[in-house]
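In UniProt numbering, the protein residues as written are 1 to 410. All C-beta atoms, glycine included, are put in the ideal place defined by N, C-alpha and C.
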């Protein structure tokens with residue numbers, strides 16, 4: 001369990017000494033990829049708002065990522081990657097049962113992306129480059145500072161999580177508007193020349209509607225869209241179309257006493273926004289202390305003396321995984337037990353494609369057993385005998401915890 005906690009720590013930055021905290025996103029291309037995008041405003045010139053690393057990274061082993069941490073703006077530009085296994089007792093059970101030659105747990109790839117600043121949508125602080133790194137993502141973990149400290153200065157002189165959240169969302173929305181306007185202009189020209197027929201005109205009308213929605217100050221994810229508009233949105237991968245989960249970085253004291261003065265305001269803001277995003281309080285300060293205790297071999301003693309003091313990182317991973325509509329299925333046998341991450345609602349051929357594109361192209365069927373059935377009955381043969389080993393076709397929606405064997409044409 002503590003090894004899992006150590007791995008989870010790798011994806012979390014330590015921001016006790018930093019005015020703002022990171023955003024994390026899950027990459028649609030790999031279906032298991034979280035990026036860390038940081039937006040930091042410092043006590044330097046407000047117009048510049050450079051990114052400052054004042055205390056270093058909150059990784060159990062920063063050298064794994066080779067991420068520089070310096071006290072000057074934009075010391076990182078290119079993304080940095082790591083991989084974090086997802087804690088899952090079902091996977092552990094399968095490994096113990098099959099004792100395979102190869103074990104590959106479900107993972108999330110972590111990418112540290114250099115920071116956004118105010119004005120990023122217009123290119124400020126290399127904003128265009130940094131925004132492009134999150135263009136193809138599924139969802140956003142937005143970590144927000146919600147602690148006071150005399151050691152941490154804020155450019156506006158006070159801590160205001162709601163204001164900070166609004167700045168992030170505004171930059172993402174402005175970037176979306178820019179992209180939609182550009183796309184609409186191109187489609188309009190084609191429609192006026194008669195290229196694409198009626199479909200181009202319908203596409204242009206969809207883009208105009210999306211633009212109007214964004215210009216009204218609303219996120220794409222809150223809209224109700226027609227089938228045509230959904231098709232357009234899926235091709236554009238707009239930033240505000242992505243679901244958001246908020247991680248609220250509070251002080252150690254607030255975390256342990258389960259109370260924070262900013263949380264009601266944050267909850268009110270989220271409600272006013274019209275969304276229903278999950279809010280998960282955590283304390284980077286506390287997690288870092290646990291990490292130090294573990295490094296010194298004192299963690300077990302600490303937990304015995306303080307049984308109510310628990311790390312929340314594994315819970316954050318699991319809750320975020322669920323909030324961002326991610327599930328995983330398993331392939332299991334004597335050769336290998338492996339977990340695969342997909343979006344909820346994906347059909348069997350798409351799940352097969354995660355393993356290999358040839359599996360999706362030549363998909364014939366999927367033999368599926370639920371993990372609960374295998375655990376209860378003890379063997380695949382018993383599951384089959386009970387009539388619970390199902391042969392599923394192209395329309396089958398993969399369920400979390402499914403154990404699948406795919407059949408396909410070469």
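Local conformation of residue i per DSSP, three classes
i: residue 328; result: strand
i: residue 406; result: strand
i: residue 213; result: helix
i: residue 224; result: coil
i: residue 235; result: helix
i: residue 182; result: helix
i: residue 102; result: strand
i: residue 390; result: strand
i: residue 280; result: strand
i: residue 151; result: coil
i: residue 398; result: coil
i: residue 257; result: helix
i: residue 159; result: coil
i: residue 107; result: strand
i: residue 193; result: coil
i: residue 140; result: strand
First and last residue of the uninterrupted alpha helix (DSSP H) at residue i
i: residue 93; result: 89-98
i: residue 302; result: 299-305
i: residue 353; result: 348-355
i: residue 383; result: 380-385
Whole-angstrom distance between residue j and residue i, CA atom to CA atom
i: residue 372; j: residue 399; result: 12 Å
i: residue 90; j: residue 142; result: 28 Å
i: residue 326; j: residue 280; result: 17 Å
i: residue 294; j: residue 310; result: 13 Å
i: residue 286; j: residue 177; result: 39 Å
i: residue 235; j: residue 223; result: 17 Å
i: residue 144; j: residue 296; result: 30 Å
i: residue 191; j: residue 131; result: 30 Å
i: residue 377; j: residue 389; result: 12 Å
i: residue 214; j: residue 342; result: 29 Å
i: residue 404; j: residue 391; result: 10 Å
i: residue 188; j: residue 172; result: 24 Å
i: residue 263; j: residue 85; result: 30 Å
i: residue 180; j: residue 225; result: 15 Å
Same chain only: Cβ atoms within 8 Å of residue i, ignoring 5 sequence neighbours per side
i: residue 98; result: 332, 333, 334 and 337
i: residue 88; result: 105, 106, 328 and 339
i: residue 157; result: none
Residue i: CB within 7 Å of a non-hydrogen atom of the ligand FMN
i: residue 225; result: Only the bare structure without any ligand can be found here, which leaves the ligand FMN out of the picture.
Nonlocal neighbours in the same chain, by C-beta distance under 7 Å from residue i, ignoring five residues either side
i: residue 375; result: 93
i: residue 201; result: 191
i: residue 208; result: 184
i: residue 364; result: 407, 408 and 409
i: residue 135; result: 237
Segment limits, beta strand (DSSP E) that includes residue i
i: residue 369; result: 363-370
i: residue 246; result: 244-249
i: residue 272; result: First-last for residue 272: 263-273, but that is the alpha helix (DSSP H), not the beta strand (DSSP E).
i: residue 493; result: This structure cannot speak to residue 493, because the chain is shown only from 1 to 410.
Cutoff 6 Å; reference residue i; Cβ partners in own chain excluding five residues on either side
i: residue 396; result: 348
i: residue 206; result: 228, 229 and 232
i: residue 344; result: 325 and 327
* Looking at C-beta atoms only, is the number of pairs between the stretch 346-364 and the stretch 101-109 that lie closer than 8 Å three or more? -> no
* For the stretch 205-224 and the stretch 249-267, state whether three or more C-beta atom pairs, one from each stretch, are separated by less than 8 Å. => no
* Asked: Does the stretch 184-200 come within contact of the stretch 159-175, defined as at least 3 CB pairs closer than 8 Å?
  -> no
* Asked: Can at least three beta-carbon pairs, one atom from the stretch 260-274 and one from the stretch 235-243, be found at a separation below 8 Å?
  -> no
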